[in-house]
């Protein structure tokens, strides 16, 4: 044995000595020093960036480390090296590690914040770890970039926190164009993807792997053990567009979208958690397009989305689809998943649209139903019975349903061979995890290669005692999936804006504009009764509430600024609540408007119990501006030339200017044009956005000068509900023209001398693809 | 050591004993015995079929052998077990071997002759070896079958001889529909694929792997070390339609077609031989569609095909192509191949058809040029200089040309970066193999993963001394690629019909019909001068020549059979040469016609120095009949209602009735309709067939009753040449309407009082897909 040891040691030394190791550590404090250190680095080098703010820094990390001796670029103290301004980081070489940097207060001057390529020099075996990218948005939402852009092979993004992207482009993208970037085995693991607000249009995925044009490539990207929290950018949280990607052990927490196999085939979706919210229909699950995907051991809780956003959406394809549209689903396996308290969790033939053949070309008709697919050994549990746990939007003969079980609390549903109602109970292991209280005795179907499903959700072996559903063993320990210390960096703690609001009293003697400018994030400005004259637009770039001190004796704000300027100028990140006030113009101004450009983030606006009058526009959203929430509640809007205009996105590429618009208990009187004008253009079945609720409101003497003759213009908006309103003496042709095929509804409206409310089933829109 | 040995022996015995071995051999002589033996078989069983003819036998070989102890079904003597009549063979199970059977004189009653599946029971690890399938055709060419149909995984077809398929359907097909049949690693190795005649339309590949609808699947089929000899069925000899297939070491000998990566990606085409013929433009090479294929170490000699049939055709794709059309070429590597005496061997953007945008929909326009592809380290050698060794049908900026060399004997050509004219010599190693006489000193380009090209054409290592071209070492030994003992069975020898012709003298006293019926294959019937009266159609089902004994004193045959019956009835395999005769009808009969149905094989007809008169039709080809060669030389056709009609395929699916039609030195006089009527319908860019040559002939007083007003109607025929003819006093609108975009030409014709000869560039045809 001794001899062997000596030989092994000698061998080790021999191998080790072949490679010149550099264990030196060099600290750099300026860009020039950093550049020099990179140029001088050799395997084993450590470059330490000094704490502090690095402004306008473009790191070009070129080098060649080795597997045992990588070259490392790290923060002196993780999180205390701030990269801001026009900055980015690009890798070119092998075995390079970046550790502990913090990107904030800036944006990339290039197409990416972090990229695994410099010109044609693609990175391999490189790593970004323990870093943060936060709100590093380009100035306008139509300026595209990626925050992390993969090329090459075997690169890793791990233990990072990434949040707040609002401009166009997926947060993370894997590029596959070129043989150097296929079979990449990249790893995106243990990250925390924090909130991404809705973009109001396409191209806002959190992760996109490939594009349709490279969807034939073998990718083998692993996305595992990440937390996706409120990733609401668009309908796809993850868009897999290549072959052999794997999605394992991720937690999708209240994220408005789905994990979608959009293009490409043979992906594995195993052991993920999808956690919804009782009231949120935007939170989806898994949406399947294409061939050979295996969806196993997933746990889906409280998901209420439908159709494209169903807990499981197995789509119809377009026969012989072109490369960038919808491939037929074939050879898919959905096995050993659990759906707990989801609404109609299993939906097949989603996107079936034969009924739209008159408004769409044949190449857009999804009539190819799923075939040669197996749905087996799944478990559905409902605390309250579901009348349609399985929804067939088209024929489902191509699907082999085997040994699925449901506890539907006795509620009847359309029976289906292979879905058996049985009685079993579930225990809450934690708030979000329910596991069967007893071993479920139902037989397990053994399909082709089902022996490869050898572990359950918790990684326990299925060999000895297999069971239907995602969990085999009732005696499991809490895996703490929402413990945020398991994801992201070891230093960043999410900045929870305190809800303790500073209250600032303002009287007529004060300068209201200054008070607002000086106020802290989240402040409340409380106005004494009286009249406040404003002569210049007040910029709103933070969260702020302006209200009357005494709601029974409202203050009045009179705006006398320039024509076509707003009293309140909504800046990026501006969140204004206006409450119990009167706001008056002089007929030529706007009450509220976004910036005309550089809306790098969204704004929100809430108006309650106010009276707004004598403006040219009540609200004008300029092109490229976006608001997640706009609401007018209990307010009066009167004597204005225009009302609420959110219709500046006229390119018909699916973009729109606001996600949620709510009008409740309001009175609109003598609003002459664009009473409500809310627009989304471009045919894209997967867009699920734009929401307008108009209820319990009255509209009178409005629309006299409206060119298109429609009082509430909602063209192309997907979700519209108009109910319990009264329309009196509005000289228009139509109160509204609703889109029947989408989620457009109306009820209990009283219409007198105001035109008709018409529903058109299939709206003709411009094709986007 | 002794202990170890004992232990190993014990272990072996233990493992061996776990599996019940059956070394028994059972001989069977009847279908019932065979069925019983199969039912009783266990691992190791050998079932021996008795020599003799087995008629109408449907073998269902179900069983479960093991890797070490397969179940074998073998001929008592290989080749002496004849399977004939309505017979087929299907496998269902594991580790089953069939050895030595001979399928002939029959056809499959099912969709396949040999199939690796019985109902839903797919075969795995099964083998067909040392068998022959010969002329086992269904009765009509539109009746589809496959002769070997793969399903499941790890099945093998080896050392078989397979020839003579003329009905619709690839000879061998691999099916990939269903997860059980993907990643199949089937092996098609060491076979001899003998002649397959042209089918006259699509679906006559020798091997097809998958279909477009399963083209996203990983297939991994290996096609290696096979000989393809005169595989002329259609434009594709091998049609690869799935991913990761490998084509290695095959010999394509004078086969009219190409190896095509029609759908699917990442195939390997390595070390194959493509051997052409000086004068045959139908013999192609390698045609590339799709992504990521590697074409390396191939040797291509004497190939004269162009465009779709070029020695290397890299195609243009359709942007965002639908699943069944043409994908763009991307990420392809063409390296270390040798083209010797090929015409314009490297063609890029093949199929570019923007010029046809007026007659084709956008979804048929191939405008997507090859991108991200590398063409490097290839060698071109021309004994006679080639002015265009590289043809760019569209832009070639997407291709990286590196370190390619050409010896063009000083002939200038369009220069191209990356193709260097240098001087080097080649030696003939054998008739068909030329290797460099000296080591070529040119630098080798090292592209991405080029280190995987570690061997050359002959399997010699490239590690020590790499070189441009397919061969690294000048000192190589003949690998005898055309030694037929290397391919196919160990018992079958190809039946070369002797060219020693029996001469049979016939006088007016003899019964001509009986003499013809009795004649051997290849006989010559020589007629004394005089008149021969025939009252019934004479069937021609073999190779036979009928001629006058004295060409200066021609015999006359008068046919007085029923109206609309032919003097000579062309049966399957009928090959008639008629020479120096007069053939006369009584106005209502046909001189020649095919069978009306059951044309299970083609017929050929050659008429020289004859006078044919007073028929309703000279030649009538019925629907589903097909002739490879029809020629009229030095003959007179006169006073007939119709001439030569080969236009029965009116379904517009690309089929046609004859491959080669030649009219030379003939006189057509008073042929009133369908003077020549030759038709192919259906738009399919890859169809290259139908050939009509009309030269040095005269046409007078013809076409008076022709409805369409065209004398020589060649609608849809790809190759037409009309030259040096004289057209006089033919009352038609057009002599011919030629298709300019195809290979239709005319020259030196004299046209008097006979309408015009018009060329239309883009013919409007029915879309087939």
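Protein chains in written order, with the working numbering: chain A, 894 to 1662; chain B, 894 to 1662.
All C-beta atoms, glycine included, are put in the ideal place defined by N, C-alpha and C.
Outcome for residue i when other beta-carbon atoms lying within 10 angstroms are tallied against a minimum of 16
{"i": "residue 1148(B)", "result": "buried"}
{"i": "residue 1398(B)", "result": "exposed"}
{"i": "residue 1307(B)", "result": "exposed"}
{"i": "residue 1240(B)", "result": "buried"}
{"i": "residue 1316(A)", "result": "exposed"}
Close-in-space but distant-in-sequence residues of the same chain around residue i (CB under 6 Å, 5 per side omitted)
{"i": "residue 1049(A)", "result": "1020, 1080"}
{"i": "residue 994(A)", "result": "968, 974, 976, 1024"}
{"i": "residue 1446(B)", "result": "1422"}
{"i": "residue 1612(A)", "result": "1584, 1636"}
{"i": "residue 1681(A)", "result": "For chain A, the structure presents residues 894 to 1662; residue 1681(A) sits outside this window and is missing."}
C-beta neighbour in chain A for residue i, strict 7 Å
{"i": "residue 1224(B)", "result": "yes"}
{"i": "residue 1358(B)", "result": "no"}
{"i": "residue 1311(B)", "result": "no"}
{"i": "residue 1174(B)", "result": "no"}
{"i": "residue 1215(B)", "result": "yes"}
{"i": "residue 1073(B)", "result": "yes"}
{"i": "residue 1158(B)", "result": "yes"}
{"i": "residue 1343(B)", "result": "no"}
{"i": "residue 1295(B)", "result": "no"}
Chain B contact for residue i (CB, 7 Å cutoff)
{"i": "residue 1184(A)", "result": "yes"}
{"i": "residue 1047(A)", "result": "no"}
{"i": "residue 1013(A)", "result": "no"}
{"i": "residue 1265(A)", "result": "yes"}
{"i": "residue 984(A)", "result": "no"}
{"i": "residue 1109(A)", "result": "yes"}
Of the listed residues the options, nearest to residue i (C-alpha basis)
{"i": "residue 963(B)", "options": "988(B), 982(B), 1022(B), 971(B)", "result": "988(B)"}
{"i": "residue 1035(B)", "options": "1055(B), 1012(B), 1063(B), 1209(B)", "result": "1063(B)"}
{"i": "residue 1656(B)", "options": "1617(B), 1607(B), 1425(B)", "result": "1607(B)"}
{"i": "residue 953(B)", "options": "1260(B), 946(B), 991(B)", "result": "991(B)"}
{"i": "residue 1395(A)", "options": "1405(A), 1387(A), 1411(A)", "result": "1411(A)"}
{"i": "residue 1222(A)", "options": "1117(A), 1586(A), 1575(A), 1155(A)", "result": "1155(A)"}
{"i": "residue 1319(B)", "options": "1276(B), 1271(B), 1353(B)", "result": "1276(B)"}
{"i": "residue 1327(B)", "options": "1347(B), 1231(B), 1150(B)", "result": "1231(B)"}
{"i": "residue 983(B)", "options": "1016(B), 1355(B), 1436(B)", "result": "1016(B)"}
{"i": "residue 1091(A)", "options": "1061(A), 1250(A), 1110(A)", "result": "1061(A)"}
{"i": "residue 1457(A)", "options": "1125(A), 1450(A), 1211(A), 1428(A)", "result": "1428(A)"}
Sheet register partners of residue i (DSSP bridge)
{"i": "residue 1269(B)", "result": "1228(B), 1295(B)"}
{"i": "residue 1163(B)", "result": "1141(B), 1189(B)"}
{"i": "residue 1573(A)", "result": "In DSSP, residue 1573(A) forms no bridge with anything."}
{"i": "residue 1463(B)", "result": "1433(B), 1487(B)"}
{"i": "residue 1497(B)", "result": "1468(B)"}
{"i": "residue 1629(B)", "result": "1605(B), 1650(B)"}
Own chain partners of residue i with C-beta closer than 7 Å, once the 5 adjacent residues on each side are dropped
{"i": "residue 948(A)", "result": "977, 978"}
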